[in-house]
Amino acid sequence: MYIQDSEIIHYDKNKLILFLEKRINENGQLDYKVDLSNKSTNEKYKEFLKDITSFANANGGNIIIGVKEPEDGLSIEKQIVGLTDGDIKAEDLERVAASNVDPTIVGLKIVPILLANGKYAILAHIPPSLNKPHMVNYKRHRSFYIRHNESSFPMSTYEIRESVLASATSEARAKEYMQFNEKEIVEYITEGNPAFFIQAMPLISLYKPWDLLASPLRDAIEDKKTDRKERRRYRFKYDFSLAHSIRPTINGIVMHDIDSDMSDDEYEAKSITEIHRNGYLSTTYIVAPYPAGRSGKLKVFFGEDECQLFESFAQLCTDVWTASETNLPYVLRCQFLSAKGSYLIEKNIIEKNIGVIDKFYGPYRKSKIEWPDEIRLVGESLKPIVQKWSELLFHAFGKEK
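Numbered by numbering that gives the first Met the number 0, the letters in the sequence shown go through residues 0 to 400 in order.
Pasting the structure below:
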């Protein structure tokens with residue numbers, strides 16, 4: 000994917016020129032069209048519907064209308080042709096796409112870009128779809144298409160069948176991968192200690208595996224910024240990029256702050272973050288127990304501060320997706336392992352006739368707190384999921400947040 004959905008809404012003529020200066024030819028995820036007006040209205044709409052469904056049924060992509068494909072000797076100025084009334088035409092295309100594709104392509108964006116000559120280019124972003132195959136259902140024309148290299152073709156019976164099977168099994172495959180990683184974490188990392196375990200797994204295979212040791216992806220993972228105030232995750236208590244060394248693994252990379260020399264009487268939290276080349280991300284945060292009561296027995300307490308763990312993980316995912324130009328739907332899973340005996344703490348509560356106190360809820364009686372899996376579609380913010388995780392953490396102890 001070359002132009003992400005999050006970028007499109009901010010695109011202007013200057014950003015379009017910067018993109019065209021890369022001289023990227025048409026391929027499986029990019030198509031240029033000079034104009035659609037040389038065809039009848041029906042043919043124009045049918046052609047556009049064919050193009051967007053073919054991208055959605057493959058790996059997603061971008062269509063730039065009003066721009067010629069780059070070629071030797073063609074300047075950027077001559078490459079950009081533009082469309083008269085392109086803003087109105089973009090609205091027409093959006094309306095036609097919404098009512099003539101079955102099922103609707105979730106996350107489709109069609110944006111007009113005002114050019115220096117007063118005309119418009121139209122930029123369409125088509126995300127890879129979980130609901131494929133998508134059918135063009137326009138007038139009496141009903142057909143399925145798929146993108147191969149630089150062109151769109153009718154889907155064969157085999158491709159349609161495989162598309163249906165892929166959509167039906169993609170979530171199951173993703174969850175199977177997550178289940179395997181949970182088993183590994185429990186067996187080799189947490190070793191029975193209470194721990195938050197958060198995972199994110201793409202529901203569609205990456206177009207190209209992540210190169211995790213190369214820029215700009217590594218820079219995003221390390222959050223390299225000269226001004227500490229600009230660090231997007233720096234304000235959070237749990238920052239998976241600061242003071243964490245990156246080590247390669249067979250699947251990708253791992254960042255951790257576990258000190259093998261730490262003595263048993265040092266009650267410090269520990270974390271491990273893994274990022275795999277197939278698009279998988281996870282964080283394991285082992286909660287530190289504290290001595291409590293006269294007996295000094297170790298107990299696990301957590302509260303509002305731990306909710307920032309969810310925010311940090313969401314920001315890490317967002318940074319990595321942006322740097323890697325990954326526009327895919329994801330399934331996210333959050334668990335608190337070995338939860339039995341843990342307590343929720345609510346600090347600085349004002350109680351009548353008592354004053355300011357800390358209130359405790361628990362102990363938790365079950366072995367695990369397990370949030371319902373969440374699906375993040377292309378272009379969606381992770382903020383609603385983070386808010387839900389925070390609320391449900393409190394609900395697990397019978398407390399409203």
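Think of the CB as a built atom: it goes at the ideal place given N, C-alpha and C, for glycine as much as any other residue.
| Query | Result |
| --- | --- |
| Can you give me the C-alpha to C-alpha distance between Gly-361 and Pro-193, rounded to a whole angstrom? | 15 Å |
| Would you say the beta carbon of Phe-18 comes nearer than 6 Å to a heavy atom of the ligand MN? | What this structure holds is no ligand at all, so the ligand MN is not there to describe. |
| What's the C-alpha gap between Glu-331 and Ile-249? | In the sequence as presented, Glu is not what sits at residue 331; that position holds Leu. Their Cα atoms are separated by approximately 23 Å. |
| Assuming Trp-209 and Leu-216 make a contact with CB atoms under 8 Å, what is their CB distance in whole Å? | 6 Å |
| Straight-line CA distance for Glu-46 to Lys-138? | 13 Å |
| Can Asn-56 and Leu-29 be called in contact, C-beta distance under 7 Å? | no |
| Write down the C-beta distance between Tyr-144 and Lys-49 rounded to the nearest angstrom, noting that I regard them as a contact closer than 8 Å. | 5 Å |
| For the segment 141-160 against the segment 183-199, are there 3 or more C-beta pairs whose distance is under 8 Å? | no |
| Using only alpha-carbon positions, find the residue among Thr-168, Phe-152 and Val-66 that is nearest to Pro-111. | Val-66 |
| Please classify Val-163 as buried or exposed, where buried requires at least 16 other C-beta atoms within 10 Å of its C-beta. | exposed |
| Let me see if you follow: with CB-CB separation under 7 Å, is Lys-182 close to chain C or not? | Given the protein chain composition of this structure (a single chain), no chain C is represented. |
| For Tyr-363 and Leu-381, what's the separation of their Cα atoms in angstroms? | 28 Å |
| Determine, using beta carbons only, whether Leu-327 and Gly-106 come nearer to each other than 7 Å. | no |
| Could you tell me which of Asp-101, Val-385 and Leu-122 sits nearest to Asp-86, measuring between CA atoms? | Leu-122 |
| Beta strand (DSSP E) containing Val-330: first to last residue? | 329-336 |
| Within a Cβ cutoff of 8 Å, which residues of the same chain sit near Lys-402, ignoring the five residues on either side of it in sequence? | Lying before the first or after the last residue shown, residue 402 is absent from the chain, which here runs from 0 to 400. |
| Assuming contact is defined by CB atoms lying nearer than 7 Å, are Tyr-31 and Glu-68 in contact in what I supplied? | yes |
| Which residue's Cα is closest to the Cα of Lys-77: Lys-387, Leu-343, Thr-52 and Leu-19? | Leu-19 |
| Could you name each continuous beta strand (DSSP E) segment of 3 residues or more that falls completely within the segment 120-161, going from the start of the chain to the end? | 134-137, 140-147 and 150-153 |
| DSSP three-state label for Phe-47, please. | helix |
| Applying the criterion that 16 or more other CB atoms from any shown protein chain within 10 Å of the CB defines a buried residue, is Ser-281 buried or exposed? | buried |
| Please confirm whether Tyr-279 and Ser-270 have their CB atoms less than 7 Å apart. | no |
| So which of Lys-21, Ala-322 and Thr-40 has the shortest CA-CA distance to Ile-220? | Ala-322 |
| Could you tell me the boundaries of the beta strand (DSSP E) in which Lys-421 lies? | In the structure as shown, the chain starts at 0 and stops at 400, and residue 421 therefore has no counterpart that could be examined. |
| Rounded C-beta distance between Lys-346 and Gly-397? I'm assuming under 8 Å. | Not really, about 18 Å apart at Cβ, beyond 8 Å. |
| Quick check on this structure: which residue in Ser-166, Arg-172 and Val-319 has the alpha carbon closest to the alpha carbon of Thr-272? | Val-319 |
| How far does the beta strand (DSSP E) with Pro-247 in it extend, from its first residue to its last? | 244-247 |
| Put Gln-3 into one of helix, strand or coil per three-state DSSP. | coil |
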